[in-house]
Amino acid sequence: MKVAVAGGKLQGVEAAYLAHEAGWEVALVDHNPRAPAMGLCDVFHLLDITVDDVALRKAIRSTDLVVPALEDAEALRCLERAAALEGVPIAYDPEAYSVSSSKKKSDSLFAECCVPAPKPGPGPLPLIAKPSCSSGSNGVTKLSTPEEYRAFVERVGNGIGDWVIQEFLEGPSYSLEVLGLHGRFQTLQVTQLEMDGSYDCKRVVAPSDLPPDLVRELERITVEVSRRLDLKGVMDIEVILHEGLLKVLEIDARLPSQTPTAVLKSCGENILRWLYRVFAEGTLPPVEVKPTKAVIYEHVWAHDGILEVTGEHIMGNAGPLRHLHDFFGSDEALTNFRSKDTPWAATLIFVAGTPEDVRDKEHEALKEMMAYCGLSLCLDPAPDDPFRERVVGFDTAHDRNARRHSC
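Per the working numbering, the sequence shown runs over residues 3 to 409.
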């Protein structure tokens, strides 16, 4: 089996990792000679998808599946056309993606489905402002005071129509992937998301702490939205639990980053294998998802004497990544680490039998990294505390127990 991954940044890293976990060969296509996923592929094709159609078709010709891992509309059209000409299945639902890639269209869909979502602004402060056509946390801005709101409106000017302004909600965030084919849907495992100071996801935890009744409610919401989209392939839904009610923040009808690896390590389900079943085999067999392992998946950045747990954006500019095992006590790492004397970043994967054990393993690994690299401060920022320090170096059972309740 050979998969072509188009795009070598965050989604490309995810796709390449999952493909290798499935035992498949990876052909990566990107115009950046130092794309992060370049270090994880078997074959690298340096080309611009929108310019060199001949080279693109040659790159995907001998593959069994094309996985888009980019957002550019023209590049997606070129990729879809090349895959059709070469007769290679492509894991892409253009209609569903056109809705999920626009926060305005997505919000309209949520209203049609009668699923709870943040109230649209303007309204009482604080508010949250998001670019309508930007993915994830890019450009997300919290507006807490009248002065901040006025400054924001003045800054965006006539472009205000390109933004979504909503009520600001507080609470834990969760994610769920769903596969769809011909009106049938298969949800996978709920994961818990933790954000850094700029609302970028810094850590994924599986299984989540969401109670069973709310898991069922999230599955119901997810299937309802998927049915309205007539989804083919994969969609990721992100929600926030606010005052006991799940509210939908966004959807993304493409292979997401971060959460698929956490799901794979926790319950054994590889989303890339599911995409092959849907797009190449035309099947969607039912499966009962049962988590058997506890997982932490997080990003760290070592710099200026600091070890900082940070959002995934740091990995997008890290250059080619290496896949390492037993990296300072983590089970696996995707990293550009070369020397303790230079800044480095890593995605860390921890797996254990229980949530407590995986937290212990993560803590010990951070402690080992700090000791080896001579780092004196650990930051674990959050939206309400972007410079939050984290104490690393507990030794007693009492302190470990205290840490479990504070991290």
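Yeah, the Cβ is synthetic: ideal placement off N, Cα and C, and Gly gets one too.
query                                                                                                                                                                : result
If contacts are defined as beta-carbon pairs under 8 Å, then glycine 10 and proline 38 qualify, I think. What distance do you get, rounded to the angstrom?          : 6 Å
How long is the line joining the alpha carbons of alanine 296 and aspartate 54, rounded to whole angstroms?                                                          : 44 Å
Which one of Val158, Leu72, Leu247, Asn34 has the shortest CA to CA distance from proline 120?                                                                       : Leu247
State the start and end residues of the unbroken beta strand (DSSP E) segment that holds histidine 301.                                                              : 296–305
Within 10 angstroms of the Cβ of glutamate 314, are there 16 or more other Cβ atoms? Answer buried if so, exposed if not.                                            : buried
Assess, as a yes-or-no matter, whether the region 323–343 is touched by the region 363–370 under the definition of 3 or more beta carbon pairs within less than 8 Å. : yes
Can you tell me which of Ser200, Glu27, Gly141 puts its alpha carbon nearest to the alpha carbon of leucine 67?                                                      : Glu27
For isoleucine 92, report the span of its alpha helix (DSSP H) as first-last.                                                                                        : Where isoleucine 92 is concerned, there is no enclosing alpha helix (DSSP H), given that its DSSP letter is neither H nor E.
Assuming arginine 390 and leucine 379 form a contact by the criterion Cβ under 8 Å, report the distance between their Cβ atoms to the nearest whole angstrom.        : Their Cβ separation, rounded to whole angstroms, is 11 Å, which puts arginine 390 and leucine 379 out of contact at 8 Å.
Can you tell which of Pro214, Val227, Lys132 has its C-alpha closest to the C-alpha of cysteine 115?                                                                 : Val227
Compute the Euclidean distance between the alpha carbons of leucine 171 and aspartate 74, then round it to the nearest angstrom.                                     : 30 Å
Where phenylalanine 112 and serine 177 are concerned, what is the direct C-alpha to C-alpha distance, given to the nearest angstrom?                                 : 16 Å
Quick one: using the 10 Å Cβ neighbour count with 16 as the cut-off for buried, is glutamate 262 buried or exposed?                                                  : According to the sequence shown, residue 262 is proline rather than glutamate. Proline 262 should be labelled buried.
What did DSSP end up calling aspartate 99 once you bin it into helix, strand or coil?                                                                                : Residue identity differs from the one stated: residue 99 is tyrosine in this sequence, not aspartate. Tyrosine 99 falls in the helix class under three-state DSSP.
Please determine, among Leu129, Leu231, Glu149, the residue with the shortest C-alpha to C-alpha distance to glycine 182.                                            : Leu231
Would you check if the distance between the CB atom of proline 258 and the CB atom of glutamate 179 is smaller than 9 Å?                                             : yes
Residue ranges of each beta strand (DSSP E) run of no fewer than 3 residues wholly in the region 132–171, ordered along the chain?                                   : 143–145, 165–169
Can you give the Cα-Cα distance for threonine 398 and alanine 77, rounded to whole angstroms?                                                                        : Residue confidence is low: threonine 398 scores 35 on pLDDT, short of 50, so the model does not pin down where it sits. Its coordinate-derived value is still stated next. About 54 Å.
Cα separation between arginine 406 and aspartate 359?                                                                                                                : Low local confidence applies: a pLDDT of 35 at arginine 406 is under 50, so the model's placement there is unreliable, and no value is given.
By DSSP, does phenylalanine 389 sit in helix, in strand, or in coil?                                                                                                 : coil
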